[in-house]
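Since the structure comes first, as structure tokens, the remarks are kept for the end.
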Amino acid sequence: MAFTNEQIERYSRHIILKEVGAKGQKKLLNAKVLIIGAGGLGAPVAMYLAAAGVGTIGIADADEVDLSNLQRQIVHQTADVGKPKVQSAKETMEAMNPDVKVITYHEFISSENILDIIKDYDFIIDGTDNFPAKFLINDACVMAKKPFCHAGIIRFQGQLMTYVPGKGPCYRCVFKNPPPKDAVPTCKQAGVIGAMGGVIGSLQAMEAVKYILGVGDLLTGYLLTYDALKMQFRKIKLPADTHNCAVCGDHPTITELIDYEQAECDGTGL
Amino acid sequence: MNITVAGEKKEVKDGLTVAELIVNENVEMPDYVTVSLNDEFVEAGTFADVALKEGDSVEFLYFMGGGSR
Ligand SMILES: [Zn+2]
Chain A
1 MAFTNEQIER
11 YSRHIILKEV
21 GAKGQKKLLN
31 AKVLIIGAGG
41 LGAPVAMYLA
51 AAGVGTIGIA
61 DADEVDLSNL
71 QRQIVHQTAD
81 VGKPKVQSAK
91 ETMEAMNPDV
101 KVITYHEFIS
111 SENILDIIKD
121 YDFIIDGTDN
131 FPAKFLINDA
141 CVMAKKPFCH
151 AGIIRFQGQL
161 MTYVPGKGPC
171 YRCVFKNPPP
181 KDAVPTCKQA
191 GVIGAMGGVI
201 GSLQAMEAVK
211 YILGVGDLLT
221 GYLLTYDALK
231 MQFRKIKLPA
241 DTHNCAVCGD
251 HPTITELIDY
261 EQAECDGTGL
Chain B
1 MNITVAGEKK
11 EVKDGLTVAE
21 LIVNENVEMP
31 DYVTVSLNDE
41 FVEAGTFADV
51 ALKEGDSVEF
61 LYFMGGGSR
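Chains as they are written, first to last, in this note's numbering: chain A, 1 to 270; chain B, 1 to 69.
Right under this line is the structure:
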């Protein structure tokens with residue numbers, strides 16, 4: 001596949017990087033990334049990956065755009081209120097870059113459909129807003145041997161970690177089981193500063209791009225936390241021992257996907 | 001004795017347990033925090049039984065899901 005003149009110009013700031021080059025840009029154009037959740041996190045991920053020329057981007061979310069989303073979900077515009085989030089996100093991405101093929105999944109992910117949805121993708125972004133979905137994505141990615149980047153945001157705080165099969169702990173190594181419904185405050189109850197999705201979602205996009213290019217060090221084996229009020233990032237080393245994990249350990253006890261009870265906010269994107 | 005909590009050096013009483021440290025540090029949602037001690041997970045339910053030692057390093061890992069659409 002040869003670049004068109006337009007592509008050479010569009011991706012010139014990538015191609016000039018020694019870590020990317022023409023070869024890396026081709027890898028991006030051939031890559032397939034799935035974003036689960038078209039909300040606060042998924043929005044900047046979708047936009048940066050589309051702008052970067054990731055050739056195939058899947059986006060899954062069952063929700064419609066609500067006015068209260070627009071404070072942070074920058075992939076959607078005021079005119080999109082009421083429209084399926086995946087449709088709105090697709091329009092923004094395609095308008096940004098015609099090289100990108102966007103595949104939409106206007107549905108809730110569940111144990112029934114997730115393995116089928118993730119199977120064609122190289123990297124998965126967890127941009128979901130609830131623990132049942134986060135554990136489901138983790139377990140499915142472990143079982144299907146797919147790399148993914150987890151993130152969570154609330155108030156002025158955010159965190160992320162990357163799982164690559166065989167390269168370090170999974171989400172369940174750190175957090176054994178979902179907390180009981182309503183035990184942990186939600187963004188709706190606690191609030192979230194809009195730019196937090198931008199900070200953490202952009203870092204998730206960066207992890208996906210680095211994974212595709214095969215450059216640098218991923219956040220495998222680490223949890224990166226961000227406290228905006230203290231203006232402090234911390235890269236916390238996670239215990240390396242994954243042997244006892246219920247899903248990625250040596251003798252997994254979780255061998256089938258679990259649909260945990262959805263908390264009150266059962267939408268997909270933060 | 002001196003320990004490190006979330007990257008910061010702290011002086012605490014000798015023999016402080018993980019459970020006591022959680023109270024001292026005002027850890028939010030103490031029932032759902034994951035504790036890492038010197039790069040090993042401390043099993044949930046044993047926090048009151050684990051006494052800290054000079055030079056220990058403790059990290060608290062919090063559930064962060066966010067919530068609303
Ligand atoms: Zn694991």
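For glycine and all other residues, C-beta sits at the position ideal for the given N, C-alpha and C.
Starting from the C-beta of Val-88/A, find all residues in its chain whose C-beta is less than 8 angstroms away, skip the five residues before and the five after it, and write them out in chain order.
It should be pointed out that residue 88/A corresponds to Ser in this sequence rather than to Val. Here the set comprises Ala-38, Val-65, Val-75, His-76, Gln-77 and Asp-80.
Mind checking whether the beta-carbon of Gly-249/A lies closer than 7 angstroms to any heavy atom of ligand 1?
At least one heavy atom of ligand 1 falls within 7 angstroms of the beta-carbon of Gly-249/A.
is_contact[Ile-45/A, chain B] using C-beta, thresh 8 angstroms
Per the sequence shown, the amino acid found at residue 45/A is Val instead of Ile. Cβ-Cβ to chain B under 8 angstroms: no for Val-45/A.
At a CB distance below 8 angstroms, what residues from the segment 37-68 of chain B approach chain A? Give them in sequence order.
Asp-39, Glu-40, Phe-41, Ala-44, Glu-59, Leu-61, Tyr-62, Phe-63, Met-64, Gly-65, Gly-66, Gly-67 and Ser-68
Can you pull the DSSP bridge partners for Val-5/B?
Glu-8/B and Val-58/B
Hey, how far is the Cα of Gly-53/A from the Cα of Ala-246/A?
37 angstroms
So what does Arg-234/A bridge to, in DSSP terms?
Paired residue(s): Thr-225/A.
Should the segment 23-38 of chain A be called in touch with the segment 194-212 of chain A, which here means at least 3 C-beta pairs below 8 angstroms?
yes
So is Thr-17/B in contact with chain A if we call contact Cβ pairs under 8 angstroms?
no
Does the beta-carbon of Leu-17/A have 16 or more other beta-carbons within 10 angstroms, so that it is buried, or is it exposed?
exposed
Just to confirm my understanding: we take Asp-99/A, look at its own chain, exclude 5 residues before and 5 after, and list those with CB closer than 6 angstroms. What are they?
Gly-53
How is the alpha helix (DSSP H) around Gly-42/A delimited, first residue to last?
42-52
If you measure from the CB of Thr-4/A, is any heavy atom of ligand 1 nearer than 7 angstroms?
no
Between Cys-173/A, Pro-44/A and Gly-55/A, which has its C-alpha nearest Ala-240/A's C-alpha?
Among Cys-173/A, Pro-44/A and Gly-55/A, the Cα nearest to that of Ala-240/A is on Cys-173/A.
Kindly say whether Met-29/B, judged by its beta-carbon, lies nearer than 8 angstroms to any beta-carbon of chain A.
yes
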